[in-house]
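Reading through the structure tokens given below for one structure.
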């Protein structure tokens with residue numbers, strides 16, 4: 001942050017930049033430096049000044065994490081308003097709609113839903129660990145009890161416990 005502040009012309013200049021940005025940009029979009037530097041900056045600002053203003057504005061909504069970087073500095077988590085708004089919408093709308101495709105009212109439906117969930121979890125976790133098999137091929141292998149053809153299919157089969 002100190003380096004950006006120095007590049008931006010010091011604290012006095014930073015305050016002027018922040019005042020200008022408060023009027024010039026809505027601040028809804030979370031831009032990373034890699035994206036910001038390719039956009040035209042607000043009038044009268046360099047890309048570095050714009051980035052400094054973004055970093056300073058984000059610091060106000062950031063919380064330090066109990067993790068340190070290799071140079072001993074803290075990691076920060078920024079929760080921009082658009083993120084919190086989106087999470088709130090998911091929370092409000094998903095409560096009633098995240099459920100099984102059909103009512104789990106019988107033991108047969110419950111068992112089918114449970115097996116499907118376990119199969120999905122096994123496939124996904126194996127793919128995250130490097131298994132290079134499509135979901136459809138993996139499901140067909142499990143359902144037909146076919147022997148695995150390669151290491152990736154074996155990873156998935158091992159995860160299912162078969």
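In the UniProt record's numbering, the protein residues as written are 1 to 162.
The beta carbon of each residue, even a glycine, is placed where N, CA and C say it ideally should be.
When beta bridges are read from the DSSP output, residue 80 appears opposite no residue.
Using a Cβ distance threshold of 8 Å, residue 50 and residue 64 do not count as a contacting pair. Cβ atoms of residue 153 and residue 138 come within 8 Å of each other, at about 7 Å. DSSP lists 78 as the beta-bridge partner residues of residue 62. When C-alpha distances from residue 61 are compared across 124, 112, 69 and 30, the shortest belongs to 30. The C-alpha of residue 73 is placed about 19 Å away from the C-alpha of residue 79. For residue 57, the closest alpha carbon among the candidates 81, 46 and 108 is that of 81. A straight-line Cα-Cα distance of about 7 Å links residue 142 and residue 157. Taking a contact as a CB-CB distance under 8 Å, the pair residue 160 and residue 119 counts as one, their CB atoms being some 7 Å apart.
Per DSSP, residue 154 is one residue of the alpha helix (DSSP H) stretching across 151–160. DSSP lists 74 as the bridge partner or partners of residue 68. Using a Cβ distance threshold of 8 Å, residue 126 and residue 155 count as a contacting pair. Beyond the five residues adjoining it in sequence on each side, residue 37 comes within less than 6 Å, by CB distance, of 47 in the same chain, given in chain order. In the displayed model, residue 32 falls within coil according to three-state DSSP, outside both helix and strand.
Sequence-distant Cβ neighbours of residue 115 in its own chain, meaning closer than 6 Å and more than five residues away, do not exist here. The C-alpha of residue 140 is placed about 11 Å away from the C-alpha of residue 147.
Within its own chain, no residue has a Cβ closer than 7 Å to the Cβ of residue 32 once the five positions on either side in sequence are excluded.
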